[in-house]
Amino acid sequence: MLPLIKPPSRNGKYDIYPSYRIGDNNISEGFESLSERIGKHDFVVVDGFNGAGFDVFRENIKKILERKGISSSWKSFKDYYLPEHKIREITEPFLGGKDPLFGKRTSLSLEDFLIPGKKDSYMPDPECDINFVIGPGASLVPLPGFLIYIDIPKNEILAAARRGEMANLGLSSPSDFREMYKYFYFVEWIVLNRHKEKLLPFTDTYIDGQNRSAPVWMEASILRQTLGEMARNIFRARPWFEPGAWGGSWIRNNIPGLGKDVPNYAWSYELITPENGLLIESSSRLLEVSFDCLMFLEGGAVLGDCHSRFGNEFPIRFDFLDTFDGGNLSIQCHPRPGYMKQHFGEDFTQEEAYYILDTKDNAVVYLGFSEDTVPDEFRKELEESQVTGRPADIDKFVMSHLVKKHDLLLIPYGTIHGSGRNNLVLEISSTPYIFTFKMYDWLRPDLDGKPRPLNIERGMDNLYFDRKGPVVEEKLISRPVLISSGRDWRHYHLPTHETHLYDVNRYHITGEKEIKTGNKCLVMNLTGGEEIEVLTSSGLSRNFSFAETFVVPAAAESIRVINRSHEEAVLVSAFVK
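To convert, count from 1 in the sequence shown and add 172; that's the numbering used here.
Structure, rendered in structure tokens:
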């Protein structure tokens with residue numbers, strides 16, 4: 173959970189709570205201050221994300237108002253939802269049946285979850301000083317009121333789901349986590365985000381609800397102003413970290429402030445915008461806002477010339493894969509675009525590149541097929557291993573490549589791949605992030621002791637078996653090309669595959685370098701050196717440390733990068749072609 177007060181960060185070290193600072197006293201904390209804001213109104217609408225602690229909110233605010241002699245009436249918006257069996261009926265087509273991982277992107281709206289016409293019958297209680305309607309969708313009641321929105325970060329939602337502390341939208345009880353995640357990803361978050369997008373321009377108070385006993389909040393007008401500034405400057409998303417079956421030791425040993433209560437860290441979600449948040453800091457207080465809010469309000473300023481193509485879906489993601497002293501990733505591939513659209517309803521597919529940030533002990537990356545691979549023999553090897561528990565001879569079929577720091581390996585859709593042990597990979601990808609067809613997982617259990625689901629059939633439907641032998645070296649290993657240079661900098665192009673929607677540049681800076689956005693959003697990571705200072709054309713200055721990911725919106729127009737360490741700074745930049 174996010175701390176209320178920002179912990180001190182160490183210069184030159186990765187900050188796990190990166191924040192965008194604004195003027196003092198713009199973030200408030202606790203139910204007492206909220207009650208003062210609410211007490212000025214006679215009709216209050218409390219909308220927000222499922223899992224945001226509406227019951228705790230009601231109990232605390234009601235108690236404080238009673239103490240002040242203010243009577244209140246509370247209507248739960250859940251009363252207007254369809255019966256649970258009906259909600260299961262309308263959501264079932266999007267949940268993939270018995271498929272343990274995948275469903276299809278829903279076409280439903282929040283209104284589809286409601287009993288037709290029933291919300292229109294709501295009448296405030298004239299005997300009460302303040303009337304409340306509360307719960308996801310509350311603003312659909314056709315009466316104007318003071319609008320509060322309670323948001324909650326996706327990682328907190330997922331943690332609550334794992335603990336069995338919440339149910340999916342419209343349902344009464346939790347279920348298996350994988351089933352809940354399918355519902356979140358393919359139905360619930362889509363429906364609630366569509367609703368949120370309509371509300372943000374009109375919201376009066378925005379609450380970060382992750383700490384239910386002490387919520388932090390700010391005036392929504394100030395939030396909108398702040399997001400407008402962020403969209404024209406530079407910022408980092410709040411990263412979050414997860415253990416995994418193959419997880420390693422690099423993140424734990426090199427990123428200060430992380431918990432020690434997990435067996436390893438496999439992922440750092442640097443910038444996976446459907447799930448990351450943005451931290452706002454005022455008078456050292458922190459408030460987290462979902463990345464979606466920035467895109468809903470300022471998508472054009474953030475994305476620039478590709479906004480017409482992607483709308484408010486941020487198209488690029490960065491994350492770390494840590495296999496130092498861990499294990500190999502699964503042997504896997506990602507779907508072709510037509511398959512992605514037909515089966516999952518996604519408008520663009522998952523296509524990746526591995527940038528090697530660190531490595532040891534002659535580590536390898538598995539990429540592409542061996543020259544003499546026969547598809548049917550490969551399938552048979554995988555299926556027999558799955559049935560018998562006998563290890564598959566992966567090296568017979570899949571090429572492995574020795575890698576070193578700053579190598580870039582290209583993984584267009586339909587390519588067999590997987591990182592080997594002892595790598596720290598900066599994964600550069602298009603934003604879709606769950607569509608991995610694991611075809612071989614080294615016969616190991618997941619952290620819960622159960623096997624991770626394999627998708628051999630889906631993988632075979634999507635693989636390109638002509639990506640093999642010399643073609644891999646020619647087409648899937650990026651060769652840097654020097655574009656330009658100055659006295660204290662060099663600019664390289666790291667070509668990506670012809671199907672990749674993004675491209676990659678790299679800057680080597682010993683002094684300083686101006687970089688123009690060219691009306692494109694740049695996603696950057698400091699992959700070498702210790703620390704840089706980045707100044708925007710509007711005068712904002714921020715320092716970034718080794719391995720930190722930051723975003724330069726298209727509307728920032730240009731930045732000046734100054735190396736603040738004795739080592740050469742190496743800065744990787746990804747952007748839509």
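Note that the Cβ used here is the ideal one computed from N, Cα and C, for glycine as well.
Quick caveat, the model's predicted, so the values are computed rather than measured.
Asked, Found
"Is the CB-CB distance between G317 and W418 below 8 Å?", "no"
"In the structure shown, what three-state DSSP assignment does C505 receive?", "strand"
"I need the straight-line Cα distance from P415 to V536, nearest angstrom please.", "21 Å"
"Check this for me: beta carbons of T377 and R209, under 8 Å apart or not?", "yes"
"Residues in the same chain with beta-carbon distance under 8 Å from N634, minus the five sequence neighbours each way, listed in chain order, please.", "C505, H506, P507, R508, Y511, Y585, G586 and F609"
"Spatial neighbours of I427 within its chain, please: CB distance less than 6 Å, with the 5 preceding and 5 following residues excluded, ordered by chain position.", "Y186"
"Note down the Cα distance separating C478 from M467, rounded to an integer number of angstroms.", "13 Å"
"Alpha carbon to alpha carbon, how far is A719 from D675?", "19 Å"
"Can you give me the Cβ contacts of S248 inside the same chain, cut-off strictly under 7 Å, excluding the 5 residues immediately before and after it?", "I306 and G307"
"Mind checking N691: buried by the 16 CB within 10 Å criterion, or exposed?", "exposed"
"So for I406, helix, strand or coil by DSSP?", "coil"
"Nearest to E670 by CA position, among S650, A564 and F229, is which residue?", "S650"
"Pop quiz: L694 and R678 are said to be a contact at Cβ under 8 Å. What is the actual Cβ separation, rounded to whole angstroms?", "Going by Cβ atoms, the distance from L694 to R678 rounds to 12 Å, so no, they are not a contact pair."
"Based on Cα-Cα distance, which residue from G223, F490 and V723 lies nearest to S344?", "G223"
"For T531, which of helix, strand or coil comes out of DSSP?", "strand"
"Taking the C-alpha atoms as reference points, what is the distance between L443 and E729?", "21 Å"
"Report the option in W389, L451, P272 and D530 whose CA atom is closest to the CA atom of L462.", "In the sequence as presented, Leu is not what sits at residue 462; that position holds Ser. Per the Cα distances, L451."
"Would DSSP call I734 helix, strand or coil?", "strand"
"For the alpha helix (DSSP H) that contains S480, what are its first and last residues?", "H479 to F482"
"Do the region 423–439 and the region 396–408 make contact, defined as three or more Cβ pairs closer than 8 Å?", "no"
"From the DSSP output, read off the bridge partner residues of F753.", "Not covered by the structure: residue 753. The range shown for the chain is 173 to 749."
"Mapping the DSSP letters down to three states, classify D187 as helix, strand or coil.", "coil"
"Between G268 and the rest of its own chain, which residues show a CB-CB distance below 8 Å, the 5 nearest in sequence each way excluded?", "F274, G275, K276, K354 and F358"
"Taking the straight line between their C-alpha atoms, what separation do you get for T668 and R260?", "43 Å"
"Figure out for me which residue from I287, F215 and I379 has the closest Cα to the Cα of E256.", "I287"
"Rounded to the nearest angstrom, what separates L822 and L615 at their Cα positions?", "The structure shown does not extend to residue 822, since the chain spans only 173 to 749, so no value can be given for it."
"Per DSSP, what are the beta-bridge partners of L582 in this structure?", "A525"
"Enumerate in chain order the residues of its own chain whose CB-to-CB distance from V336 is below 8 Å, with the five nearest sequence positions on each side excluded.", "Inspection of the sequence shows that residue 336 is occupied by Gly rather than by Val. Contacts found: P346."
"Short of 8 Å in beta carbon distance, which residues of its chain neighbour R366, apart from the five on each side in sequence? Order them along the chain.", "S281 and L282"
"Flag this pair as touching only if the region 555–565 and the region 488–502 have three or more C-beta atom pairs under 8 Å; answer yes or no.", "no"
"Inspect the CB distances between the region 733–741 and the region 700–713 and report whether three or more fall short of 8 Å.", "yes"
"With a CB to CB cut of under 6 Å and the five nearest residues on each side skipped, what residues in its chain are close to E523?", "P584, Y585, S602 and H672"
"Is DSSP giving F718 helix, strand or coil here?", "coil"
"Pull up the distance between the alpha-carbon of S373 and that of M390, whole angstroms please.", "According to the sequence provided, residue 373 is Pro. The question's Ser does not apply to it. So the two alpha carbons sit approximately 14 Å from each other."
"Between N399 and L469, is the Cβ-Cβ spacing less than 8 Å?", "For clarity, residue 399 is Leu in the given sequence; the question names Asn instead. Their beta carbons are under 8 Å apart, which means L399 touches L469 by this criterion."
"Measuring straight from C-alpha to C-alpha, what distance separates K688 and L707?", "12 Å"
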